[in-house]
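K.L.:
Counting in the UniProt record's numbering, the sequence shown runs from 1 upward without gaps. From the three backbone atoms N, C-alpha and C, an ideal C-beta is built for every residue, glycine too. Note that the structure is predicted; figures quoted are calculated from it, not measured.
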Amino acid sequence: MQRLQLLRVKVLLGEKQGDEMWRHLFSSQTSILEKSQNRVIGEQRNSMLIVNLLAVAGGCLMGLCKIAESVEMLILGRLVIGLFCGLCTGFVPMYIGEVSPTALRGAFGTLNQLGIVIGILVAQIFGLEFILGSEELWPVLLGFTILPAILQSATLPCCPESPRFLLINRKEEEKAKWILQRLWGTQDVFQDIQEMKDESARMSQEKQVTVLELFRVSSYRQPIIISIVLQLSQQLSGINAVFYYSTGIFKDAGVEEPIYATIGAGVVNTVFTVVSLFLVERAGRRTLHMIGLGGMAVCSMLMTVSLLLKDDYNGMSFVCIGAILVFVAFFEIGPGPIPWFIVAELFSQGPRPAAMAVAGCSNWTSNFLVGLFFPSAAHYLGAYVFIIFTGFLITFLAFTFFKVPETRGRTFEDITRAFEGQVQGTNRSGKDGVMEMNSIQPPKETTTNV
Numbered sequence: 001m002q003r004l005q006l007l008r009v010k011v012l013l014g015e016k017q018g019d020e021m022w023r024h025l026f027s028s029q030t031s032i033l034e035k036s037q038n039r040v041i042g043e044q045r046n047s048m049l050i051v052n053l054l055a056v057a058g059g060c061l062m063g064l065c066k067i068a069e070s071v072e073m074l075i076l077g078r079l080v081i082g083l084f085c086g087l088c089t090g091f092v093p094m095y096i097g098e099v100s101p102t103a104l105r106g107a108f109g110t111l112n113q114l115g116i117v118i119g120i121l122v123a124q125i126f127g128l129e130f131i132l133g134s135e136e137l138w139p140v141l142l143g144f145t146i147l148p149a150i151l152q153s154a155t156l157p158c159c160p161e162s163p164r165f166l167l168i169n170r171k172e173e174e175k176a177k178w179i180l181q182r183l184w185g186t187q188d189v190f191q192d193i194q195e196m197k198d199e200s201a202r203m204s205q206e207k208q209v210t211v212l213e214l215f216r217v218s219s220y221r222q223p224i225i226i227s228i229v230l231q232l233s234q235q236l237s238g239i240n241a242v243f244y245y246s247t248g249i250f251k252d253a254g255v256e257e258p259i260y261a262t263i264g265a266g267v268v269n270t271v272f273t274v275v276s277l278f279l280v281e282r283a284g285r286r287t288l289h290m291i292g293l294g295g296m297a298v299c300s301m302l303m304t305v306s307l308l309l310k311d312d313y314n315g316m317s318f319v320c321i322g323a324i325l326v327f328v329a330f331f332e333i334g335p336g337p338i339p340w341f342i343v344a345e346l347f348s349q350g351p352r353p354a355a356m357a358v359a360g361c362s363n364w365t366s367n368f369l370v371g372l373f374f375p376s377a378a379h380y381l382g383a384y385v386f387i388i389f390t391g392f393l394i395t396f397l398a399f400t401f402f403k404v405p406e407t408r409g410r411t412f413e414d415i416t417r418a419f420e421g422q423v424q425g426t427n428r429s430g431k432d433g434v435m436e437m438n439s440i441q442p443p444k445e446t447t448t449n450v
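1) Is the number of C-beta pairs between the segment 331-338 and the segment 88-97 that are closer than 8 Å three or more?
2) Does the distance from the C-beta atom of residue 459 to that of Glu199 stay below 8 Å?
3) Please report the straight-line C-alpha distance between Gly360 and Ile239, rounded to a whole angstrom.
4) Assuming residue 451 is part of the alpha helix (DSSP H), what are its boundary residues?
5) By DSSP, does Thr210 sit in helix, in strand, or in coil?
6) Can you name, in chain order, every residue of its own chain whose Cβ lies under 6 Å from the Cβ of Ala107, other than the five neighbours on each side?
7) As a quick exercise: from Arg221, Pro101, Gln113 and Ala418, pick the residue whose alpha carbon is nearest that of residue 452.
8) What is the DSSP secondary structure of Pro339, reduced to helix, strand or coil?
9) With respect to the alpha helix (DSSP H) encompassing Glu199, which residues constitute its N-terminal and C-terminal limits?
10) Considering only their Cβ atoms, is the gap separating Glu406 from Arg221 smaller than 8 Å?
11) Using only alpha-carbon positions, find the residue among Gly248, Pro335 and Met303 that is nearest to Pro375.
12) Below 6 Å CB to CB, which residues in the same chain sit around Gln234 once its five sequence neighbours on both sides are set aside?
13) Thinking C-alpha only, which one of Ile226, Phe165 and Cys85 is nearest Ala398?
14) Could you name the residues of the same chain whose beta carbon sits closer than 6 Å to that of Leu142, not counting the 5 residues immediately before and after it, in chain order?
15) Please state the DSSP three-state secondary structure of Lys66.
16) Would you give the residue range spanned by the alpha helix (DSSP H) that residue 456 belongs to?
17) Quick one, are the C-beta atoms of Leu132 and Val140 less than 8 Å apart?
18) Checking 8 Å against the spacing of the C-beta atoms, do Thr262 and Ile118 come in under that value?
19) Using the Cβ count rule (16 or more neighbours within 10 Å means buried), how would you classify Gly382?
20) So Ser300 and Thr390 are in contact, right, with Cβ under 8 Å, and what is the actual spacing, rounded?
21) Could you round the C-beta distance between Phe341 and Asn52 to whole angstroms and report it? I think they count as a contact, below 8 Å.
22) Could you give the first and the last residue of the continuous alpha helix (DSSP H) run that contains Thr155?
23) Given this structure, state the Cα-to-Cα distance separating Val189 from Leu212, to the nearest angstrom.
24) Considering only residues of the segment 262-340, which uninterrupted alpha helix (DSSP H) runs meet the minimum length of 4 residues and lie entirely inside it, listed in chain order?
25) Where do the N-terminal and C-terminal ends of the alpha helix (DSSP H) with Lys403 fall, by residue?
26) Let me check understanding here. Comparing Cα to Cα, which of Thr145, Cys88 and Leu137 lies closest to Gly77?
27) Could you tell me whether the Cβ atoms of Ala378 and Lys310 are closer together than 8 Å?
28) Once DSSP output is grouped into helix, strand and coil, what is the label at Gln234?
29) Alpha carbons only, please: which of Ala201, Val343, Gly59 and Ile150 is nearest the one belonging to Met73?
30) Can you tell me whether Tyr244 is buried or exposed, with buried defined as 16 or more other CB within 10 angstroms of its CB?
31) Output the distance between the C-alpha atoms of Cys158 and Gln152, rounded to the nearest integer angstrom.
32) Can you check whether the CB of Ile193 is closer than 8 Å to the CB of Glu161?
33) If Ala283 and Met303 are in contact, beta carbons under 8 Å, what's the gap, nearest whole angstrom?
34) So Leu307 and Ile415 are in contact, right, with Cβ under 8 Å, and what is the actual spacing, rounded?
35) Buried or exposed: where does Ala154 fall if 16 or more other Cβ atoms within 10 Å of its Cβ makes it buried?
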């Protein structure tokens with residue numbers, strides 16, 4: 001009986017990509033729950049504290065599945081972790097955006113992506129067979145999921161509540177003011193408080209925003225479409241196809257130890273997220289996103305050519321490896337970190353939770369679809385499969401150029417007005433509000449507005 005159960009576990013682990021894809025599908029569906037969850041629980045910090053219980057539960061189920069000889073525990077644990085991921089990918093960017101100063105909102109938003117890629121790299125390293133990737137120790141690796149959740153739960157009480165949530169949603173002006181003074185280290189937060197009051201007055205004239213109203217109301221329609229397309233640009237870029245199947249791709253390219261090349265890609269992933277951290281407030285979100293998409297399009301074409309010619313020319317294997325590493329680097333310059341936090345920037349306090357839920361659902365669903373169809377597409381198309389991603393990347397590049405606003409240095413109120421064609425008062429130029437905002441340089445001085 002024990003051998004039969006262990007065999008079932010081995011079979012399941014052999015279908016790792018399939019399990020991962022179903023977890024992503026579960027994450028996509030639970031992202032929609034994020035809006036109602038946030039409304040019931042309240043402020044994002046408290047929401048994150050509560051959903052950490054899911055990470056602990058999922059980690060325990062996965063870590064104990066071998067002892068219990070239960071494949072079902074492993075499956076259930078993965079689904080619970082999927083629920084946790086779907087909720088956290090909305091709460092975290094919202095919280096970071098609401099506690100960050102305008103001048104550093106992009107850099108702080110990139111820290112979210114940095115945490116994700118560091119987690120991926122650590123998992124890749126600990127997953128090596130001589131560390132925790134062996135037949136005996138893999139449950140320990142899966143059970144380690146509880147450690148970041150416990151660490152976050154222990155440190156979150158030291159983090160302040162969102163001042164925007166306190167003032168706009170709870171009308172606790174004095175507490176919001178005290179938190180801002182504590183965050184910025186200055187007593188002069190009048191401008192920040194006034195901007196929040198203006199948004200609060202605006203919200204008081206609006207009814208509760210639902211997911212359907214994001215598409216029905218004209219002032220929300222354009223930003224929600226932009227949000228969805230940006231999330232699609234992240235997942236349909238091909239980055240997860242490369243990471244899911246990177247070991248096989250490196251093996252096809254002639255690498256003798258492909259697992260180490262995959263870890264090398266993870267290192268590049270982390271390093272260039274740090275690079276983006278320092279560039280995002282200088283170059284801007286829109287510019288970095290376009291640079292990333294353009295660079296990835298070129299690299300995906302190089303991957304196709306090098307895989308086609310690797311049997312004829314010895315050097316093509318190195319070209320393929322280089323193209324993959326540069327592909328990953330360009331991803332972390334723009335499409336990796338930017339879609340998550342720019343969604344929070346495009347909406348005011350009222351519609352933001354619903355928008356983050358829709359964006360998260362779009363992200364995880366497209367992630368699932370790429371993982372589901374890429375193996376079949378790669379089987380039938382071979383090296384030409386990356387041309388599909390090239391087409392997507394060029395399409396997203398054009399969309400970003402024509403439709404995505406530059407939000408660097410803008411308050412939430414400025415961005416909202418831009419979508420209504422009211423940048424800096426009345427738009428007399430006749431331009432579209434987003435185009436008008438892109439044509440106006442953000443303020444040069446450093447501000448503490450949130």
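P.N.:
Concretely, from the data shown:
1) Taking a cut-off of 8 Å on C-beta distances, the segment 331-338 does not touch the segment 88-97, as fewer than three cross pairs fall below it.
2) Because the chain spans 1 through 450 in this model, residue 459 falls outside it and cannot be assessed.
3) Across the structure, Gly360 and Ile239 are spaced so that their CA atoms are roughly 17 Å apart.
4) The chain is shown from 1 up to 450; residue 451 falls before or after that span and cannot be answered.
5) If DSSP states are grouped into helix, strand and coil, Thr210 belongs with coil.
6) Cβ neighbours of Ala107 beyond the five flanking positions: Leu277, Val280 and Glu281.
7) In this structure the chain extends from 1 to 450, so residue 452 is not present and cannot be described.
8) The answer is helix: DSSP assigns Pro339 an H, G or I state.
9) Start and end: Phe190 to Ser204.
10) No, Cβ-Cβ distance for Arg221 and Glu406 is not below 8 Å.
11) Checked all of Gly248, Pro335 and Met303; the closest Cα to Pro375 is Gly248.
12) For Gln234, where only same-chain residues beyond five positions count, the Cβ hits under 6 Å are Pro335 and Pro339.
13) The shortest C-alpha to C-alpha distance from Ala398 to any of Ile226, Phe165 and Cys85 is the one to Ile226.
14) Spatial neighbours of Leu142 in its own chain (CB-CB distance under 6 Å, excluding positions within 5 residues in sequence) are listed in chain order as Met62 and Gly63.
15) Correct three-state label for Lys66: coil.
16) Only positions 1 to 450 of the chain appear in the structure, and residue 456 is not among them; the question remains open.
17) Their beta carbons are under 8 Å apart, which means Leu132 touches Val140 by this criterion.
18) Note that the C-beta distance between Thr262 and Ile118 is not below 8 Å.
19) Exposed, because fewer than 16 other Cβ atoms sit within 10 Å of the Cβ of Gly382.
20) The beta carbons of Ser300 and Thr390 sit about 5 Å from each other, so the pair counts as a contact at 8 Å.
21) The pair is not a contact, with the Cβ atoms about 21 Å apart (cut-off 8 Å).
22) For Thr155, the uninterrupted alpha helix (DSSP H) segment begins and ends at Ile146 to Thr155.
23) Whole-angstrom Cα-Cα distance: 36 Å.
24) List check, alpha helix (DSSP H) in window: 285-309 and 316-333.
25) Per DSSP, Lys403 is one residue of the alpha helix (DSSP H) stretching across Val385 to Lys403.
26) Answer by Cα proximity: Thr145.
27) Here Ala378 is not near Lys310, since their CB atoms are 8 Å or more apart.
28) Correct three-state label for Gln234: helix.
29) Selected option, being the one with the closest Cα: Gly59.
30) Tyr244 is buried by the Cβ-count criterion.
31) A direct Cα-to-Cα measurement between Cys158 and Gln152 gives close to 10 Å.
32) Result no, Cβ atoms of Glu161 and Ile193 do not sit closer than 8 Å.
33) The C-beta distance from Ala283 to Met303 rounds to 26 Å, too long to meet the 8 Å contact threshold.
34) The beta-carbon separation of Leu307 and Ile415, rounded to 42 Å, does not stay under the 8 Å limit for a contact.
35) By the 10 Å Cβ count, Ala154 comes out exposed.
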